[in-house]
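A quick write-up on the structure given underneath.
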């Protein structure tokens, strides 16, 4: 009876693990196919597993399963009870209809209830297969590999995030492997195993799995060694897109939703456009003005007005431009066309090749005056242009203008949207900003101070492990005081917030930055801009000058041109700073506007755990190392402390049948530490003689004689163990001294 | 040491010098109800050993000298027509004794050997359709010259299996041999031996041996050794389950001799070469290389894992 209950508990344990693994299969399937009723399907899996656990007669098992499937379909599709005549006739007619459809091979006409039925049958068969694997083959390897492959595939090619599913499956799979391996050993050796023994067999492996998992999570992970294959595959199959919106699976690139910033993102080398220009540019797309403490939104304070321009007409917007005689042309070739114009600083107008896009009679441009995002249109439709040119002339700021004291105070009404701050902004952000700008007198000096603050104070550029603010946390506050690492969004948003706290109007700018030179033709270079080049930065309103762009992100250099018309010690500082930033720009040139990879609202236990470990990285490493170190020390010195421990443990115990065997085994172990190891083929009797002749005593033979009587003799004999305790203590002390 | 058994052995020692181990092993086989094959060259005291043992237990001692022309009827007896009673009368052969010495058993033909060995196994003889039980205790000690010697008929494997132990006498050490000579100067001391134990007491001891406890782990240990003999590459044929039974019974008797009422692995280890060696058949190539059965058994015992825990609790 005891054996039987053990058997069922053991199998039950296996099935529980299998259930958890199956759940990881089911979640992405249901999520991606938008299927509901997860709970009810899980119950079905539970029923199937329970039935195979107890080896129920197959007729009963079939009846139970089919009844459940029938009930489920009737309930979900018609909200009918299975037992009513309506429900029953519904199922019957479905079955009839679909059988005809199947037989005639008109697969597409199969109805949803029948598909559901087939899905259930699939689960049923899968569980039968797993049952076979576990109880007959006693191996889970193929199932495990299949599961991992399945999750990895979904994670790579769909928006399903399998990070934690993968960790869970690997841990569960290792556990299952251990259980089955132990089971195999037990069966092969033919021994009867009870709870205690089973626990002893399984525990070391479980502890090891725990340790390995924690170490695995804590260890730093290298970036992918290969470029992401998805864009390549998509391009090759003609599905390429880098545009946000729709059902795009692209995880990186230019996105419109910035309401919740933070989180890690994955690189994406998809080429967005090629730009032929004389120098590296910031390609401005739009600005945002409303900071929500979690991210950016478009404010309702400025009406969303549209301004219309013709092609080749000068565009009138908030930024200054340089003189016409310095104008240059940049040609943009969009590989994955966006529906908006890339604006270099100093942009004057957009031009189109006359032969190009001739199918549209009325080509023009619409600009949202709030965000300054410019869309091309033709025939009243927003277009995606493959090719266009922009004429620009970079403004040169006079240093004396930048440095001058504001002559008129900033109009708080006109600039209100650019001075907005959330009420929940922690005071320490403002205090920090106050500290940073101490000593700076003009707005430009203050802005410079804030811009350079990050690189001078050890803030790190980081794309993985970037935190997401929790419900009551501020995005900027978290970055400035807690994590101190992040990517462009963290730096630019923080700078905007700090500028605003100092009364300097500022806005957040999104676009692309830089790109890789792929071709050179005289002074004109062709830059290849990829999704990895998506970027965000800052524009601040400097009195007497207008909007000036700033680059707070560590590793990126600013490209404003300043004419130093007055001698100033600041000049050197400017140059030094430029240089510092230039040095790192090469290595860290990749920054991106990103769509975070994980669903931020859905942080589960695992995510929290990983967050916790990541945040206290060093702490966990130290704890692990010290546990490891202590373990090694204890292992090395066990010869010293183990005998004493044994004596202590058994001091108050009286020798009796239960304790005798353990104590004798401990004695053997202690003797082994001293170098008196009994060989496997040596009998206890001859071993005891050997020990006694070494120690010049007969205690070992005395105690061994009783032990022999205990293990080889009739079990009902009365043995007086208690007088042996002295011998035992004597021997332990002798061998450990 | 068990008092009565010790008295038998020390009695034998009065005559046999330096052969305590052989005496002990012989007594073990007798107590376990098995038979012994003594193998050695002539003149090392095989016959003396058996005679002194027979004297010590006060048993009826019979001796058969095997020669090439000996017939089965010379062993088990023959029915002779008695003209007075006008009937056939059975004249029992020398096999019908308590302790039988079958001297130089490998000098006779296989036919006669079989007659002896079958009666050993059955503890009874059949003649003229009549079954005659051999009185208990019944203990055969056979001696044989090493089979390499001239004019011998090697015993078939199946028949070797019927001997519980095969013991080698070996030459005495120089000091012992001097002592042997000193005693031989006068008369044979064998005539002076008295019995130290009655037949009833011997039967009682045999019953007690059967009750010696053998823990399952010890049985598993015996089986472990037996099975290992079947897997050695030099061995053509390993030992049979009958051999395992013999080892267990011998171990029980040995434990009894040590005055213990349970068997320990030491008993098994000590007896295994005596019980198993003659039942292992080596491959010819191994024999040419000079590998002996004893060497193989030692190797096996050195690999077998001694049980030091109780067999799985139930």
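Protein chains in written order, with UniProt numbering: chain A, 1 to 737; chain B, 1 to 314. Don't be surprised by glycine CBs; every beta carbon is placed ideally from N, CA and C. Note that the coordinates shown come from a computational prediction; the quantities given were computed from them, not determined experimentally.
Taking the straight line between their C-alpha atoms, what separation do you get for residue i and residue j?
i                      : j                      : result
residue 321 of chain B : residue 92 of chain B  : Residue 321 of chain B lies beyond the range of chain B shown here (1 to 314); nothing can be said about it.
residue 739 of chain A : residue 47 of chain A  : The question about residue 739 of chain A has no answer here: the residues shown for chain A are numbered 1 through 737.
residue 677 of chain A : residue 671 of chain A : 7 Å
residue 11 of chain B  : residue 248 of chain B : 27 Å
residue 5 of chain A   : residue 49 of chain A  : 17 Å
residue 271 of chain B : residue 660 of chain A : 30 Å
residue 792 of chain A : residue 35 of chain A  : The structure shown does not extend to residue 792 of chain A, since chain A is modelled only from 1 through 737, so no value can be given for it.
residue 66 of chain B  : residue 5 of chain B   : 30 Å
residue 730 of chain A : residue 308 of chain B : 22 Å
residue 423 of chain A : residue 431 of chain A : 15 Å
residue 259 of chain A : residue 295 of chain A : 4 Å
residue 160 of chain A : residue 647 of chain A : 58 Å
residue 241 of chain B : residue 134 of chain A : 37 Å
residue 305 of chain B : residue 186 of chain A : 18 Å
residue 369 of chain A : residue 286 of chain A : 10 Å
residue 175 of chain A : residue 59 of chain A  : 33 Å
residue 168 of chain B : residue 40 of chain B  : 6 Å
residue 105 of chain A : residue 127 of chain A : 28 Å
Distance cutoff 8 Å, beta carbons only. Does residue i sit that close to anything in chain A?
i                      : result
residue 309 of chain B : yes
residue 291 of chain B : no
residue 106 of chain B : no
Could you tell me whether any Cβ in chain B is nearer than 8 Å to the Cβ of residue i?
i                      : result
residue 712 of chain A : yes
residue 596 of chain A : Confidence at residue 596 of chain A is low in this model, with a pLDDT of 43, below 50, so the placement of that residue is unreliable and no value is reported for it.
residue 10 of chain A  : no
residue 96 of chain A  : no
residue 159 of chain A : no
residue 709 of chain A : yes
residue 602 of chain A : With a pLDDT of only 45 at residue 602 of chain A, under 50, the local geometry of the prediction cannot be trusted, and the value read off the model is given with reservation. Taking Cβ atoms only, chain B never reaches closer than 8 Å to residue 602 of chain A, which makes this a no.
With distance defined between alpha-carbon atoms, name the residue in the options nearest to residue i.
i                      : options                       : result
residue 217 of chain A : A:496, A:608 and A:279        : A:608
residue 26 of chain A  : A:41, A:185 and A:12          : A:41
residue 302 of chain B : B:284, B:269, B:274 and B:293 : B:269
residue 543 of chain A : A:529, A:666, A:495 and A:408 : A:408
residue 779 of chain A : A:673, A:711 and A:399        : The requested residue 779 of chain A does not occur in the structure, where chain A is confined to residues 1 to 737.
residue 264 of chain B : A:650, A:682 and A:695        : A:682
residue 713 of chain A : B:216, B:26 and B:126         : B:216
residue 88 of chain A  : A:564, A:307 and A:74         : A:74
residue 72 of chain A  : A:112, A:389 and A:330        : A:112
residue 308 of chain A : A:143, A:330 and A:350        : A:350
| said: Three or more C-beta pairs under 8 Å: does that hold for the segment 464-476 of chain A against the segment 487-501 of chain A? | reply: yes
| query | What residues in the segment 671-698 of chain A have a beta carbon less than 7 Å from any beta carbon of chain B? | reply | 680, 681, 682, 683, 684, 685 and 686
| field | Members of the segment 198-223 of chain B that neighbour chain A once the beta carbon cut-off is set at 9 Å | value | 213, 214, 215, 217 and 218
| request: Pull out every residue of the segment 252-272 of chain B whose Cβ sits closer than 8 Å to any Cβ of chain A, in chain order. | output: 261, 262, 263, 264, 265, 266 and 269
| field | Residues, ordered as in the chain, of the segment 278-307 of chain B that lie near chain A by beta-carbon distance below 9 Å | value | 301, 302, 303, 304, 305, 306 and 307
| Stretch pair the segment 71-85 of chain A + the segment 95-106 of chain A: three plus CB contacts closer than 8 Å | no
| said: I'd like to know if the segment 309-323 of chain A and the segment 275-282 of chain A are in contact, where contact means that at least 3 CB-CB pairs between them fall below 8 Å. | reply: no
| message | Is it the case that the segment 115-123 of chain A contacts the segment 58-72 of chain A, given that we only count it when at least three CB pairs across the two stretches are under 8 Å? | response | yes
| Between the segment 127-139 of chain B and the segment 150-159 of chain B, do at least 3 Cβ pairs fall closer than 8 Å? | no
| For the 8 Å Cβ check, are there 3 or more pairs between the segment 81-90 of chain A and the segment 149-169 of chain A? | no
| request: Could you run through the segment 447-473 of chain A and flag, in chain order, every residue whose CB is less than 8 Å away from some CB of chain B? | output: none
| request: For the segment 287-301 of chain B and the segment 245-265 of chain B, state whether three or more C-beta atom pairs, one from each stretch, are separated by less than 8 Å. | output: no
| Would you call the segment 198-215 of chain A and the segment 629-641 of chain A touching, i.e. three or more CB-CB distances under 8 Å? | no
| request: Examine the Cβ distances between the segment 48-58 of chain B and the segment 277-291 of chain B and report whether three or more of them are shorter than 8 Å. | output: no
| said: I'd like to know if the segment 317-327 of chain A and the segment 383-400 of chain A are in contact, where contact means that at least 3 CB-CB pairs between them fall below 8 Å. | reply: yes
| the segment 516-526 of chain A touching the segment 553-560 of chain A, judged by at least three CB pairs closer than 8 Å | no
| said: Within 8 Å, do at least three Cβ pairs link the segment 337-348 of chain A to the segment 374-392 of chain A? | reply: yes
| message | Would you call the segment 267-275 of chain A in contact with the segment 528-543 of chain A, where contact means no fewer than 3 C-beta pairs closer than 8 Å? | response | yes
| said: Check whether the segment 226-242 of chain B and the segment 193-206 of chain B are in contact - that is, three or more C-beta pairs closer than 8 Å. | reply: no
| query | Taking contact to mean at least 3 C-beta pairs separated by less than 8 Å, is the segment 55-75 of chain B in contact with the segment 89-103 of chain B? | reply | yes
| With a cut-off of 8 Å, do at least 3 Cβ pairs link the segment 492-502 of chain A to the segment 447-457 of chain A? | yes
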